[in-house]
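**Q** Below are the structure tokens for one structure; questions will follow.
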Amino acid sequence: MFLFYFDMMRGLILFTLLNLTYKYVVAFLLGLSVMSIQDSLCLYDSDLAVCNCATVLILEKLTYDEIKDQIVNRIMRNLRRMRQKIVYVFGDPYLKDVPIEEASKLVYHRKEPVHSEEEIVKFMEFILPSRICLQKPPWEVHVFPDYNDTESAVILKIHHSIGDGLSGQFAALTSSDHFDPENAPPIRNVTNKERFLLTCLGFLRLPWALFKSMYYWAAPNPLNYSPQLSGKKVCEVSKDYILEDIKAASKLSNVTINDYISSVLGVTVYKYFNKQNFKTDEVVVSIPINIRYYKPQTIEEIQIDNKFTVELVKLPVMRDFDATLKTVHDLFQKLKSSSDSFSIYMISLILGSMVPFQLTQKLIYDITKQITFVFTNLPGPQMPIYFKGRASKKAWIHFIPAGQCGVSLGLYSHNGIVKLGTCVDDATMKDSKQFLKLFEETLDEVLMNKQV
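Taking the numbering used here as reference, the numbering of the sequence shown is continuous, increasing by one, and the terminal residue is 457.
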């Protein structure tokens with residue numbers, strides 16, 4: 006049995022290598038760049054769930070021309086991926102460079118009356134679900150130079166095929182007047198030996214990870230197994246929280262910030278379900294996991310792409326925060342040494358290189374319909390970034406989850422300010438504002454208790 010399994014895996018690896026060799030030959034002959042398997046997988050979305058992400062940046066007031074000049078000359082000129090569009094050759098996606106003058110047309114001067122966070126998220130509901138034309142690089146910038154008397158607002162909307170959340174952070178750091186690697190998010194240090202062992206274990210546990218993803222997690226609740234997404238997205242954003250307050254509370258409990266906020270979400274879900282007279286002990290949550298192991302020290306070292314996998318976890322849903330925190334902490338401690346996320350990453354490579362498009366979409370649909378929500382805790386720049394000497398103040402994120410999952414929650418820290426941005430399909434959650442208020446209520450309660 007084991008010999009058969011290893012022969013099968015050897016065949017898959019050989020096929021993947023041959024497929025990549027073919028693509029590199031085509032790209033060389035046509036003057037294109039090969040699109041990575043994981044990047045191309047993000048093209049497997051649907052009109053009801055377009056894989057778009059957005060970052061909202063609030064900074065000291067600038068003119069539209071000043072902001073556009075910063076985006077063009079800092080991001081577009083320095084990061085090649087941000088001036089490449091997608092082209093298809095014999096059904097396979099490749100990347101083609103476009104002139105900087107063409108790419109600069111992606112920066113739009115918005116004149117709508119948007120002067121508050123509430124008005125920004127309403128505008129987000131309009132632009133986030135709309136597809137970006139593939140005849141241009143799949144990202145765009147919406148500039149509100151007159152957000153208020155002292156501030157401008159910038160929305161960077163990106164299709165997930167360009168890159169993941171960390172790619173977005175490095176793009177943001179590149180946009181600053183001076184690139185500072187010390188301002189970049191922390192990246193876990195994993196030795197080559199540890200990576201090799203995790204990869205080997207990932208191969209061995211691949212069948213289990215596939216089974217777990219498709220069958221083991223089924224647990225219907227009011228936020229999953231929706232008959233069909235509507236495609237209409239509703240966005241919300243929390244009030245500001247001070248990062249140091251959350252750090253201090255987490256340290257006092259001897260847990261990570263991720264443990265702490267995940268536990269707050271567990272209690273929030275309990276309260277939300279309780280209002281609907283629904284009871285459950287756990288929900289399935291998809292958590293993106295970075296698989297980069299080196300922090301770029303210069304702009305030239307930055308790679309804009311997707312280098313992440315996901316972990317499906319059963320988040321406890323309980324009323325008591327301390328009990329939830331203990332369970333969540335133990336759960337995440339086990340995940341740190343688990344190779345299942347590597348197995349899921351390998352599954353994604355197989356799907357992207359060997360499985361027909363329609364079947365891959367069906368598998369994505371079947372797996373994601375079990376997920377209650379996608380939660381990402383994305384650390385942004387710890388200090389301000391600067392446009393023409395003007396400092397950023399705060400930022401937050403929204404993103405549309407893939408497949409049939411209708412709820413995404415994005416925790417983002419920038420310059421010491423933490424905010425939660427949500428994006429839900431209105432067929433899945435009708436009262437996202439209430440959910441956000443329950444989150445704020447829960448976080449306020451636990452932070453207050455820690456201060457006392």
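Just so it is clear, CB atoms sit at the ideal spot from N, CA and C, and this is done for glycine as well.
Any idea if tryptophan 144 is buried or exposed, counting beta-carbon neighbours within 10 angstroms, 16 or more meaning buried?
**A** The residue in question, tryptophan 144, is buried, as its Cβ has 16 or more Cβ neighbours within 10 Å.
**Q** Output the distance between the C-alpha atoms of valine 77 and phenylalanine 149, rounded to the nearest integer angstrom.
**A** Approximately 16 Å, taken between the alpha carbons.
**Q** Serine 235 to serine 157, Cα distance in whole Å?
**A** When rounded, the distance between both Cα atoms is 33 Å.
**Q** Going by beta carbon distance, what residues of the same chain come within less than 6 Å of glutamate 122, once the five residues before and after it are set aside?
**A** Only Val242 meet the Cβ criterion.
**Q** Relative to the alpha-carbon of aspartate 454, which residue among Ser258, Thr285, Pro386 has its alpha-carbon at the smallest distance?
**A** It is worth fixing the name first, because residue 454 is asparagine in this sequence and not aspartate. For the residues Ser258, Thr285, Pro386, the minimum Cα distance to asparagine 454 belongs to Ser258.
**Q** Report yes or no: do the region 164–180 and the region 131–144 share at least 3 C-beta pairs separated by less than 8 Å?
**A** The region 164–180 is in contact with the region 131–144.
**Q** Could you check where the alpha helix (DSSP H) with cysteine 428 kicks off and where it finishes?
**A** Note, cysteine 428: premise wrong, no alpha helix (DSSP H); beta strand (DSSP E) at 422–430.
**Q** Can you tell me whether asparagine 382 is buried or exposed, with buried defined as 16 or more other CB within 10 angstroms of its CB?
**A** Buried.
**Q** What is the DSSP secondary structure of threonine 314, reduced to helix, strand or coil?
**A** The answer is strand: DSSP assigns threonine 314 an E or B state.
**Q** State buried or exposed for lysine 256, treating a residue as buried only when at least 16 other CB atoms are found within 10 Å of its CB.
**A** The residue is exposed, with fewer than 16 neighbouring Cβ atoms inside 10 Å.
**Q** What's the C-alpha gap between leucine 330 and valine 30?
**A** So the two alpha carbons sit approximately 52 Å from each other.
**Q** Which first and last residues belong to the beta strand (DSSP E) in which glutamine 89 is found?
**A** Per DSSP, glutamine 89 belongs to the beta strand (DSSP E) from 89–94.
**Q** State the DSSP-derived secondary structure class of isoleucine 247, mapped to helix, strand or coil.
**A** If DSSP states are grouped into helix, strand and coil, isoleucine 247 belongs with the strands.
**Q** Exposed or buried, what is asparagine 279 when buried is set at 16 or more other beta-carbons lying within 10 Å of its beta-carbon?
**A** The residue is exposed, with fewer than 16 neighbouring Cβ atoms inside 10 Å.
**Q** From Val451, Pro384, Arg395, Asp449, pick the residue whose C-alpha is nearest to that of leucine 64; which is it?
**A** Leucine 64 has its Cα closest to that of Arg395, out of Val451, Pro384, Arg395, Asp449.
**Q** Compare the Cα-Cα distances from leucine 48 to each of Glu117, Phe362, Asn263, Glu450 and report the closest residue.
**A** It is Phe362.
**Q** Please list, in chain order, all residues of the same chain as glycine 426 whose beta carbon is under 6 Å from its beta carbon, the five residues on each side excluded.
**A** Counting only Cβ-Cβ distances below 6 Å, and skipping sequence neighbours, we find Val242, Trp401, Ile402, His403, Gly415.
**Q** Taking tyrosine 99 and serine 38 to be in contact with their CB atoms under 8 Å, please state how far apart those CB atoms are, rounded to whole angstroms.
**A** Confirmed, Cβ separation roughly 6 Å.
**Q** Measuring straight from C-alpha to C-alpha, what distance separates cysteine 56 and isoleucine 405?
**A** Approximately 6 Å, taken between the alpha carbons.
**Q** So is threonine 303 buried or exposed if we call it buried at 16+ other beta carbons inside 10 Å?
**A** Under this definition threonine 303 is an exposed residue.
**Q** Alpha carbon to alpha carbon, what distance is there between aspartate 327 and arginine 210?
**A** Near 33 Å, if we compare the C-alpha coordinates of aspartate 327 and arginine 210.
**Q** What's the gap between the Cα of lysine 312 and the Cα of lysine 127?
**A** So the two alpha carbons sit approximately 31 Å from each other.
**Q** Taking 7 Å as the limit between beta carbons, can you name the residues of its chain near valine 266, skipping five residues before and five after?
**A** Note that residue 266 is isoleucine in the sequence shown here, rather than valine. The answer, listed in chain order, is Asn382, Leu416.
**Q** Name the residue from Val103, Ile125, Ile296 whose alpha carbon lies nearest to the alpha carbon of valine 195.
**A** Per the Cα distances, Ile296.
**Q** Any Cβ of chain C within less than 8 Å of the Cβ of glycine 408?
**A** Checking the listed chains, one finds no chain C in this structure; it contains a single protein chain.
**Q** Which two residues bound the contiguous beta strand (DSSP E) that contains histidine 147?
**A** Residues 144–149.
**Q** If you draw a straight line from the C-alpha of valine 322 to the C-alpha of tyrosine 391, how long is it?
**A** Straight-line Cα distance between these residues: approximately 41 Å.
**Q** Near glutamate 445, which residues of its chain fall below 7 Å by C-beta distance, leaving aside the five closest residues on each side in sequence?
**A** Excluding positions up to five away in sequence, the list reads Ser243, Lys244.
**Q** How many angstroms separate the CA atom of proline 118 from the CA atom of cysteine 205?
**A** Distance between the alpha carbons of proline 118 and cysteine 205 is about 55 Å.
**Q** List in chain order: all unbroken beta strand (DSSP E) runs of 3+ residues lying wholly within the region 103–190.
**A** You should have 112–114, 144–149, 156–164.
**Q** Within 10 Å of its beta-carbon, does arginine 88 have 16 or more other beta-carbons around it, so buried, or fewer, so exposed?
**A** With 16 or more other Cβ atoms within 10 Å, it is buried.
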